């Protein structure tokens, strides 16, 4: 029997996990990666340093048995801590007791998956190898070696483009196909990362088991813990044309005054913020949609298919879930890739769209709603409903972050639930009922027969 | 004084007209065109053979004094003739007495403008020269010569990309810029052209001074006269997944039966339609949007900036209008290209969007509404209002086709008028009033004080 072969473009999160899936299925896998080996170099600028890993990502990694290796890298975050302008803190749990999303280093988890992929013996990763073209008729990719600019032609049974938001396979290949729909939409906001260092003794300056948010209406600052005691903080804000926008933070004084006034407790933790302002570049954020996701024996996965903005912390999770779905379909269709790809794009495209819609939607939730007492009351109400009727009610956040319910289904159900909850909160004085211990009675009344 | 220089990518309709504008302004213009000289070759497949030239296009050509040369190529179409399934004809004028849109050969008008551009002495057109890259910092384009694949670097004061829906400058240049928004959306319908030849004596088989439509709800056939007695007919229809779609017309028998049943009068004129079915390819249709349209000294014009579907007959007119607008701004800002480009994209982008929205909207009008008695009554009503109050009422069609009112403004005003007319038609029995000669009284009542 001839050796089955697969090519993956991109050794990022989706690419390295998908290589493990394919290796387990007996494929000889070649990964071509444009950048140099991140295990030997600095992580490239403009990429988030840490990410929020939740159920979908964990599920996808668990399916190929690698969670024991990943778990040590995770810092659980059980809820959000909101920081007000006066420095007051409000805690809001993400889910039930024991549920958490996890801060994890992008570089750390990626390096671990590369190690595991290579350890399988079936995967070879070639760095500084840039995809410059694809031939859909022969499943051939054309790869430029950075060293000498020579071009390799590499043919295999099947090709997977896991090469990110600016996918070379999509650009050089798919975008030239007749009837290929594509859009790249930049949002008005950019982001800048800031590293909040550990205390001198290596301890954390903030509670490491929470995602910290400084919600300020049209903009926000967030912080996620790193393993070394530091926090990676990200300021999301309009580029220009707003009361507070990046174009107004041109000088060190601008930056210092801005942080002193708007994020005073953060400024206290990091009084030299203005000095480090230029350490990371100002980056842009885009939603990229396209269809179809597959053509002949070539498939787009992860950000190459559905790059999103980071506000739901689901970009990585959604990409890893692509691997899980593709893996299930590979088994179901017995590696008949035409059948696999057909079903993959049909079931996965609506979920990619929903992931993007959810991400955009959550920017408003994070920057505006979380500071709103009514929003917090609603969350509390939802939380209690779920406690009393766990099978009948799961909040949208929980469906997205703590379940494997397809994104599109979760979003739709979330909207219906939201309409229902809003109407109840209009008809009943929920806050009073909480104070009078009458809330459970109302919930039983509403949900008993639902 | 040094010679002013400009580069144009693409010698199509926008490129050749814009070259005339620039030559008149004293620029030495170099045009690079991928294809061979259309004056010496067949027109490339998939391009419409004839187009509808209306006021905006005429205005743009008139501004550089070339209308005397273009007029002889025009075949005026004063209205639509609708062909029913039973072969009944209904005529509907497009505007007032003496107003017409004009069938014109794409190749003919393009060749004439190339002649005029070259005759200026300031323009040289290089064919089989393909743009493969652009450097925004130095206004340099990189051009591959088809003959020997060698690359020319060509630098000038300013660069205009008039290279169509699949613009190389947009693809190789703009699409790689940070924060460049772009989308290509294919509609579900494709088209196939059919040549209805002249009679043996060279005469036309249909009235040449009308645009012929066979509206069939979800799809339609149209026909525009050519100078040689023939008609270029185009069938627009879904590719697949419909009661009538291209994927169902696989055999000659399918085609013959389809035309016999659905377009019986056309089939009588062209009983061998099935034999010629494969002469022209089945082509797709897309809307392409992007922004910004300019970067440094490089600007997108025409289809490169706002490619649209052909249902309002405004693709060419809108592109030529770009030249007129750019020409006015060039004078206004005294050739300060930074200022010209800033204003060009700010005022022109909303009109490009409106052009596209109008085009999509008119597919429904042409394929569905024009066969609807209520639509015809509405048109008749609008027509009468305009006759009585020409300064107060201009139909949307007239604003788009017979005026230079910016597309966005026309579309907005058209929507408001439509709401108004619809409400009047709900409140009054317009058809009866026409029969009872009471319609003028109603119109006076409605418009006297407006």
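Chains as they are written, first to last, in this note's numbering: chain H, 1 to 450; chain Y, 1001 to 1450.
Ideal Cβ placement from N, Cα and C applies to all residues, glycine included.
If you're wondering where the values come from, they're calculated on a predicted model, not measured in any experiment.
Taking residue i as the query, report the chain H residues whose CB atoms sit under 9 Å from its CB, ordered along the chain.
i: residue 1179 of chain Y; result: 186, 190, 239, 284, 286
Would you tell me roughly how many angstroms separate the C-alpha atoms of residue i and residue j, rounded to the nearest one?
i: residue 1333 of chain Y; j: residue 168 of chain H; result: 40 Å
i: residue 371 of chain H; j: residue 317 of chain H; result: 26 Å
i: residue 1292 of chain Y; j: residue 388 of chain H; result: 53 Å
i: residue 1163 of chain Y; j: residue 1304 of chain Y; result: 6 Å
i: residue 1153 of chain Y; j: residue 1130 of chain Y; result: 12 Å
i: residue 194 of chain H; j: residue 206 of chain H; result: 15 Å
i: residue 1320 of chain Y; j: residue 137 of chain H; result: 39 Å
i: residue 323 of chain H; j: residue 57 of chain H; result: 9 Å
i: residue 23 of chain H; j: residue 335 of chain H; result: 13 Å
i: residue 1070 of chain Y; j: residue 1422 of chain Y; result: 40 Å
i: residue 1411 of chain Y; j: residue 35 of chain H; result: 49 Å
i: residue 444 of chain H; j: residue 393 of chain H; result: 12 Å
i: residue 1095 of chain Y; j: residue 1360 of chain Y; result: 21 Å
i: residue 294 of chain H; j: residue 170 of chain H; result: 10 Å
i: residue 283 of chain H; j: residue 139 of chain H; result: 34 Å
i: residue 342 of chain H; j: residue 268 of chain H; result: 55 Å
i: residue 208 of chain H; j: residue 224 of chain H; result: 7 Å
i: residue 289 of chain H; j: residue 1015 of chain Y; result: 31 Å
i: residue 437 of chain H; j: residue 355 of chain H; result: 37 Å
i: residue 417 of chain H; j: residue 1353 of chain Y; result: 36 Å
i: residue 1279 of chain Y; j: residue 1344 of chain Y; result: 41 Å
i: residue 1044 of chain Y; j: residue 235 of chain H; result: Since pLDDT at residue 1044 of chain Y reaches only 45, below the 50 mark, its modelled position is unreliable, and no value is offered.
i: residue 1430 of chain Y; j: residue 1440 of chain Y; result: 11 Å
i: residue 1425 of chain Y; j: residue 1102 of chain Y; result: 32 Å
i: residue 1252 of chain Y; j: residue 1270 of chain Y; result: 14 Å
i: residue 1046 of chain Y; j: residue 108 of chain H; result: Model confidence at residue 1046 of chain Y stands at a pLDDT of 38, short of 50, so the residue's coordinates are unreliable; what they give is reported in the following sentence. Cα to Cα, residue 1046 of chain Y sits roughly 51 Å from residue 108 of chain H.
i: residue 1116 of chain Y; j: residue 1021 of chain Y; result: 11 Å
i: residue 200 of chain H; j: residue 230 of chain H; result: 11 Å
Span of the alpha helix (DSSP H) holding residue i?
i: residue 1407 of chain Y; result: 1407–1427
i: residue 300 of chain H; result: Looking at the DSSP string, residue 300 of chain H is not in any alpha helix (DSSP H); the run it does join, the beta strand (DSSP E), is 298–300.
i: residue 1015 of chain Y; result: 1013–1024
i: residue 430 of chain H; result: 430–435
i: residue 362 of chain H; result: 337–367
List, in chain order, every chain Y residue whose beta-carbon is nearer than 9 Å to that of residue i.
i: residue 182 of chain H; result: 1182, 1183, 1184, 1185
Considering only the alpha carbon of each residue, which of the options lies closest to residue i?
i: residue 1134 of chain Y; options: Y/1158, Y/1023, Y/1116, Y/1024; result: Y/1158
i: residue 190 of chain H; options: H/449, H/199, H/219, H/204; result: H/219
i: residue 197 of chain H; options: H/175, H/228, H/358; result: H/228
i: residue 365 of chain H; options: H/353, H/354, H/379, H/352; result: H/379
i: residue 1144 of chain Y; options: Y/1156, Y/1155, Y/1128; result: Y/1128
i: residue 1187 of chain Y; options: Y/1403, Y/1407, Y/1363; result: Y/1363
i: residue 1415 of chain Y; options: Y/1062, Y/1357, Y/1029; result: Y/1357
i: residue 950 of chain Y; options: H/285, H/280, H/312; result: Residue coverage of chain Y in this structure runs from 1001 to 1450, which leaves residue 950 of chain Y outside it and unanswerable.
i: residue 64 of chain H; options: H/271, H/37, H/25, H/446; result: H/25
i: residue 1302 of chain Y; options: Y/1351, Y/1276, Y/1383; result: Y/1351
i: residue 325 of chain H; options: H/307, H/231, H/308, H/299; result: H/299
i: residue 450 of chain H; options: H/420, H/368, H/287, H/407; result: H/420
i: residue 30 of chain H; options: H/244, H/275, H/125; result: H/125
i: residue 1395 of chain Y; options: Y/1403, Y/1404, Y/1306, Y/1382; result: Y/1382
i: residue 1368 of chain Y; options: Y/1075, Y/1009, Y/1017, Y/1084; result: Y/1084
i: residue 1311 of chain Y; options: Y/1401, Y/1148, Y/1118; result: Y/1401
Starting from residue i, trace the beta strand (DSSP E) both ways and give me its first and last residue.
i: residue 212 of chain H; result: 210–215
i: residue 110 of chain H; result: That residue, residue 110 of chain H, is in no beta strand (DSSP E); its alpha helix (DSSP H) goes 106–119.
i: residue 1009 of chain Y; result: 1004–1009
i: residue 184 of chain H; result: 181–196
i: residue 131 of chain H; result: 129–135
i: residue 83 of chain H; result: 79–83
i: residue 392 of chain H; result: Neither: residue 392 of chain H is in no beta strand (DSSP E) and is coded neither H nor E.
i: residue 1161 of chain Y; result: 1158–1161
Runs of beta strand (DSSP E) wholly within the segment 231–293 of chain H (minimum 3 residues, chain order): Fully enclosed beta strand (DSSP E) runs of no fewer than 3 residues occupy 231–238, 283–291 of the segment 231–293 of chain H, in order along the chain.
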